[in-house]
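Using the working numbering, the first residue of the sequence shown is number 62, and each one after it goes up by one.
Here a beta-carbon is modelled for each residue, glycine too, at the ideal position from N, C-alpha and C.
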Amino acid sequence: MITGADSDVSQAAGQDLIVISSTLGSGTIADKFTATAVPVLLWEASLADEFGYNANNVNGTTFGGTQINIVNPSHPLAAGLGAGIKTVVTTASTFSTPDNPLVAGAVVVATEVGGTRPVIVAIEKGTPLNPVRIAAAPARRAVFYFQDDTARFSTDDGWTLFDSAVNWAAGPTNAVVAIAQNPTNLTAIENLSASFAVIVKGAPPWTFQWQRSAAGGSFTNVPGATSRALTISSVKLSDSGASFRVLATNAFGNATSSAATLTVTADTTKPTIANALTGGNPNGVVVVFSEAVSISTGTNKSNFTINNGVVVNSATVLADGRTVLLATTPIAPGSVYIVTVSGVQDTAATPNTILPNSTFSFLQVGGVIERRAFYVAGGTLPSITNSAKFMNNQPDEVTYPTLFEGPVNYLDNYGTQFRGYVIPPTNGDYVFFICSDDNSVLFLSTDENPANKHLIAAETVWSNTRQWNTSGGASDLTAKRSDQYGLSTWPTGNQITLMGGKRYYIEAIHAEGGGGDNIAVTWRTPLDAADPNDGDSPITGKYLSPFAVAAGPVAITNQPTSQTVTEPGTVTFTVGVSGSPAFTYQWLRNGTPVAGATGQSYTIPFPSVRAADNGARFTVQVANAFSSATSSEATLTVIPDTTGPRPFQVTSVDATFKVIALSFNELVDQASAQTAANYVFSPGNIVATNVTLDATATNVTITTGGPLTVGVTNTLTLTGVKDLAGNTTVSGTTIQFVFNRVTYAANILFDAPLGYYRFEEPAGATVATNSGTTGGNGAYSVGDESAPGAGGSPGAATADPGPRPPTFAGFDTNNHAMTFTGSGGGQEWVDTKNQFLQSLGAFSLEYWVKPANRVADPGSFGTRIGLVGQNDAIEYGFIDANTIQIWTPNGGSLNTTYTFPDNEWHHVATIADGTNLRTYYDGALAGTGGSATANYGTTI
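Below, the structure written as structure tokens:
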């Protein structure tokens, strides 16, 4: 596993697999292992570009969630789990994604739920990758969704997928399944859960079947126990002595684990009260016990009493068996309440009874706080609070977390506002703490009125998550706590005295630019002996209520509406609700819950709506802590697609006249669209030899065996291409087009560049002809200048025969290129003899380059090779075998790593806009640097 800055490519030697995690920053790994011939399993999103997985050479990213969507169930990396949404973590965690677009040969096995960002990707050895990084995969490559916090919460399905990724990347494709780790004996307490697990190796996918034997009897299958782990949710004394084993199977064989024995001991522990919370219910409270309680004692309202005159009218044991909902007379805000419990028993064979008069205090709180996110760039508090979205009360997202904390590494370029009430547990002095990335401020009102809020603390730079007493970003530590903040506007200075049970309006505002992000608030109450430690919990929902919410049971305010969609299409159903948040949602289709459809809206993404969906009925069940409601039905009507696809446009023909780009008017079926025989060109009756459909499913790249004819009407005839509905192109469908040879020189000169050098001089010439609009010719030079502006020693042109580059339109057979050899360490360069960039606040430079021995023989490659400029002190080109540099006297410099293989032509361009310098390889951004200036040049 590669995690450290001291990692080196030599460590790959002799290994079966390299696992690169996100433990440290991606910069410590960079491209060290891009070219290694050892399989790599990657879960560092920021390295997706270094490994060449991204078609646009851009970093991957992260997002939060608990589920993924398997879209390619037949691939081994799907682990035999089947298509659809899978819960892979038990707690919302950070997922890694290389993002879109991927290179064409990458196989997406799973994506995010409700989107297309890939989270499990397979790349076979030899697959073409982004040539900016590497031409092809030197060994198998797998991308996995893990981040550093993900593994802690992984479900059985999550671990099965991870095992599959490891075995697929590292193992042979036909290895028989084998047991790598057997299940182990367990001892569990009565009525608690027990879990057995197995780890297998061999070629995925695998299937599992757990079996049980009662006290030495024969083994029989456990119904439904078909994953890598077996969990018994509530073991009984009668289960003691049972043995469990698992049969694992793959396409090449099977293996049976050894048996593990379960021992169950009697439950002798009395139940206790774990929590009591109204959850915004004005007429009730939920009491949560440490374990399941019996129905008879849990529903006996006489076992529960509440102070302050509140009467318990009924008691209901909820589905989890641990929670009892008490229906009561009104519970008003402003007081501390105590629930007293006696006589409640657990479900043990010999029941245990709670200690008489067990108590738990609670407040009339909602249990959540309102969190509002505004997708606004800028990274500063004024950019958020002065934005139209913030001022017009138009958040992009509203959630109700049970902690005074936002998600970690949620997004870039956004702001957060928390609004609500904090209800102190007792009278006394309180200290509030805030931490965030980037900066933030914290306000507290002297009462429940927001108009009376005062600034009490601030994050001045940034801190890591839950960093209450320290700061990773060198923030002012005194500002992070209300008892030391020098800019506090609290009426009594830094001493904040509050009354127990009273509501106080509280608000935090946070801004995020780029990189990591977080926001959280905690406190020190009179009941606490010391300040919170870094990592301690934020303020919990036990002391929080959301702002401006009408407390009460769930009510549907806007029903989902019926919709009509044309195939293939997308559709979204939405519900509006009122009542006490937080709400849970479960959408149902024809009465059956839809996996993963647990938001306020449910979307069937494009192009998934098909004719078979016509007439489907959708409802949603909404619940809060103490009530639920079901919406009315919404019906989906689908208008079927009955027309075959048509060619829309021929968008390009390459310089060989053999590669044609064609777009269709709708999404097409991959198999038929990639059948070469379906495409015939005339004149010449030229049949396609290869066709590739891109990720949009509307564009194909057609390769022919012979060239098309320049300057005449070409006709493409299509047959047999189908759309996603199965409709076939009308027989004899054609599209006509005319194309002409592109002259690169003419196109460039049309833009009137200041300088343009074709390097057409024959060997021995000492002039670099300038075809641009400014100044005269340049000169080939060797060595450094004796003085600024003096130029180097005269060089000699070494033009070689063309075409250069051979695959770019306009570089015909008569085109030449200049060779800079670096012989003897000489500094070979072109002196432009013109101060092109003098007084310029913006410019662009570009050239084509093909190093011949940069990789093969870096020692003789030389330094400062092929530089262009010098006369106005601007230099551009290779400063060593691995680096292209743009250097300016007033705008700084930019070194960009060059990693392409030898003997490949690539286009290099640098753009300066007065703000920074940006270098692009083959049109993809490869580096950014430099500094702002109004004049990049200087007088010599």
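(request) From the DSSP output, in three-state form, read off residue 214 for me. (result) Here residue 214 refers to the residue found at position 153 when the sequence shown is read from its first residue. DSSP places residue 214 in helix when its eight states are reduced to three.
(request) Kindly identify the DSSP beta-bridge partner or partners of residue 223. (result) For the purposes of this step, residue 223 is taken as residue 162 along the sequence shown, with counting starting at 1. Bridge partners of residue 223: none, in fact.
(message) Give me the DSSP bridge partner(s) of residue 695.
(response) In the sequence shown, residue 695 corresponds to position 634, counting from 1. Residue 695 is bridged to 679.
(request) Assign residue 909 to one of three DSSP states: helix, strand, or coil. (result) Position 848 of the sequence shown, counting from 1, holds the residue named residue 909. Note: residue 909 maps to strand in three-state DSSP.
(request) Taking only the alpha-carbon atoms, compute the straight-line gap between residue 419 and residue 586 and give it to the nearest angstrom. (result) One-based indexing of the sequence shown puts residue 419 at position 358. One-based indexing of the sequence shown puts residue 586 at position 525. Answer to the nearest angstrom: the Cα atoms are 24 angstroms apart.
(request) For residue 643, collect the residues of the same chain with a Cβ closer than 6 angstroms to its Cβ; drop the 5 residues on either side in sequence, then sort them by chain order. (result) To locate residue 643, count along the sequence shown from 1; it is residue 582. Around residue 643: 429, 461.
(request) Would you check if the distance between the CB atom of residue 747 and the CB atom of residue 767 is smaller than 7 angstroms? (result) If you number the sequence shown from 1, residue 747 lands on position 686. If you number the sequence shown from 1, residue 767 lands on position 706. Yes, they are a contact pair.
(message) Is it buried or exposed, residue 520, if we count other Cβ atoms within 10 angstroms and call 16 or more buried?
(response) In the sequence shown, residue 520 corresponds to position 459, counting from 1. Answer is buried; the Cβ neighbour count reaches 16.
(message) What does the alpha-carbon distance come out to for the pair residue 697 and residue 142?
(response) Residue mapping note: residue 697 aligns to position 636 of the sequence shown, counting from 1. Residue mapping note: residue 142 aligns to position 81 of the sequence shown, counting from 1. Between residue 697 and residue 142, the C-alpha separation is close to 29 angstroms.
(message) Using the Cβ count rule (16 or more neighbours within 10 Å means buried), how would you classify residue 802?
(response) Start at 1 with the first residue of the sequence shown, and residue 802 comes out as number 741. The residue is exposed, with fewer than 16 neighbouring Cβ atoms inside 10 Å.
(message) Which residue marks the beginning of the beta strand (DSSP E) containing residue 505, and which one marks its end?
(response) Position 444 of the sequence shown, counted from the first residue, corresponds to residue 505. First-last of the beta strand (DSSP E) with residue 505: 501-506.
(request) Can you tell me which of the three DSSP states residue 444 falls into? (result) Numbered from its first residue, the sequence shown carries residue 444 at position 383. Looking at residue 444 - three-state DSSP - the assignment turns out to be helix.
(request) Report buried or exposed for residue 886, applying the criterion of at least 16 other Cβ atoms within 10 angstroms of its Cβ. (result) As a first step, residue 886 must be located in the sequence shown, where it is residue number 825. The predicted model places residue 886 with a pLDDT of 46, which falls under 50 and marks its position as unreliable; any figure quoted below should be read in that light. Exposed: under 16 other Cβ atoms inside 10 Å.
(request) Excluding the 5 residues preceding and the 5 following residue 356 in the sequence, name in chain order all residues of the same chain whose CB lies nearer than 7 angstroms to its CB. (result) Along the sequence shown, read from residue 1 onward, the residue named residue 356 stands at position 295. If we look at residue 356 and ignore the five residues flanking it on each side, its Cβ neighbours are 378.
(request) State the start and end residues of the unbroken beta strand (DSSP E) segment that holds residue 345. (result) For the purposes of this step, residue 345 is taken as the residue at position 284 of the sequence shown. Element bounds for residue 345: 345-350.
(message) Suppose contacts are defined by Cβ-Cβ distances below 7 angstroms. Is residue 942 in contact with residue 915 by that definition?
(response) Mapped onto the sequence shown, residue 942 falls at position 881. Mapped onto the sequence shown, residue 915 falls at position 854. In contact: residue 942 and residue 915 (Cβ atoms closer than 7 angstroms).
(message) Taking 7 angstroms as the threshold (C-beta atoms), are residue 615 and residue 640 in contact?
(response) For the purposes of this step, residue 640 is taken as residue 579 along the sequence shown, with counting starting at 1. For the purposes of this step, residue 615 is taken as residue 554 along the sequence shown, with counting starting at 1. It is a contact, given that the beta carbons lie within the stated cut-off.
(request) Tell me whether residue 932 is buried or exposed, calling it buried when 16 or more other Cβ atoms sit within 10 Å of its Cβ. (result) Walking along the sequence shown from the start, residue 932 turns up at place 871. Summary for residue 932: the model assigns pLDDT 48, below 50, so the residue's position carries little reliability; its value from the coordinates is reported in the next sentence. So residue 932 counts as buried.
(message) So, with DSSP's three-state summary, where would you put residue 437?
(response) Start at 1 with the first residue of the sequence shown, and residue 437 comes out as number 376. Three-state DSSP puts residue 437 in coil, outside helix and strand.
(request) Could you give the DSSP three-state label for residue 89: helix, strand or coil? (result) Looking up residue 89 in the sequence shown gives position 28. Correct three-state label for residue 89: helix.
(message) Suppose the cutoff is 7 angstroms on Cβ atoms and the five residues either side in sequence are ignored; what does the same chain contact list for residue 913 look like?
(response) Looking up residue 913 in the sequence shown gives position 852. Excluding sequence neighbours, residue 913 sits near 963, 964.
(request) State buried or exposed for residue 292, treating a residue as buried only when at least 16 other CB atoms are found within 10 Å of its CB. (result) The residue you call residue 292 lines up with position 231 of the sequence shown. Label assigned to residue 292: exposed.
(request) Using the DSSP secondary-structure output, state which residues sit across from residue 879 in a beta bridge. (result) Sequence index remark: in the sequence shown, residue 879 carries index 818 (1-based). Answer by DSSP bridge pairing, in chain order: 860.
(request) Please specify which runs of the beta strand (DSSP E), each continuous and at least 3 residues long, are wholly inside the region 714-782, giving them in chain order. (result) 720-725, 740-743, 747-754, 760-765, 775-779
(request) Give the C-beta separation of residue 271 and residue 310 to the nearest angstrom, bearing in mind that I take them to be a contact with Cβ-Cβ under 8 angstroms. (result) Numbered from its first residue, the sequence shown carries residue 271 at position 210. Numbered from its first residue, the sequence shown carries residue 310 at position 249. Between residue 271 and residue 310, the beta carbon gap of about 13 angstroms keeps them out of contact (Cβ cut-off 8 angstroms).
(request) State the DSSP-derived secondary structure class of residue 519, mapped to helix, strand or coil. (result) Here residue 519 refers to the residue found at position 458 when the sequence shown is read from its first residue. The answer is strand: DSSP assigns residue 519 an E or B state.
(message) Once DSSP output is grouped into helix, strand and coil, what is the label at residue 565?
(response) Your numbering for residue 565 matches position 504 in the sequence shown. Residue 565: strand per DSSP, three-state reduction.
(message) With H, G and I counted as helix, E and B as strand and the rest as coil, what does DSSP make of residue 482?
(response) Residue numbering aside, residue 482 sits at position 421 when the sequence shown is read from its first letter. Residue 482: strand per DSSP, three-state reduction.
(message) Could you check whether residue 105 and residue 81 sit closer than 7 angstroms to each other, using their CB atoms as the reference points?
(response) In the sequence shown, residue 81 corresponds to position 20, counting from 1. In the sequence shown, residue 105 corresponds to position 44, counting from 1. Yes, they are a contact pair.
(request) Quickly, what does DSSP pair residue 584 with across the bridge? List them, please. (result) For the purposes of this step, residue 584 is identified with residue 523 of the sequence shown, where counting begins at 1. Answer is 493, bridged to residue 584.
(message) Tell me the DSSP secondary structure of residue 196 in three-state form.
(response) For the purposes of this step, residue 196 is taken as residue 135 along the sequence shown, with counting starting at 1. Looking at residue 196 - three-state DSSP - the assignment turns out to be coil, as it is neither helix nor strand.
(request) May I ask you to report which of helix, strand or coil DSSP gives residue 615? (result) One-based indexing of the sequence shown puts residue 615 at position 554. The answer is coil: DSSP assigns residue 615 none of H, G, I, E or B.
(request) Keeping to the same chain, check which residues put their C-beta closer than 6 angstroms to that of residue 489; ignore five residues upstream and five downstream. (result) Walking along the sequence shown from the start, residue 489 turns up at place 428. Same-chain partners within the cutoff: 587.
(message) Check this for me: beta carbons of residue 775 and residue 769, under 7 angstroms apart or not?
(response) Sequence index remark: in the sequence shown, residue 775 carries index 714 (1-based). Sequence index remark: in the sequence shown, residue 769 carries index 708 (1-based). Going by C-beta atoms, residue 775 is nearer than 7 angstroms to residue 769.
(request) Determine the contact status of residue 1003 and residue 815, defining contact as a CB-CB distance below 7 angstroms. (result) Residue 1003 lies beyond the stretch modelled for the chain, which goes from 62 to 1001, so this question has no answer here.
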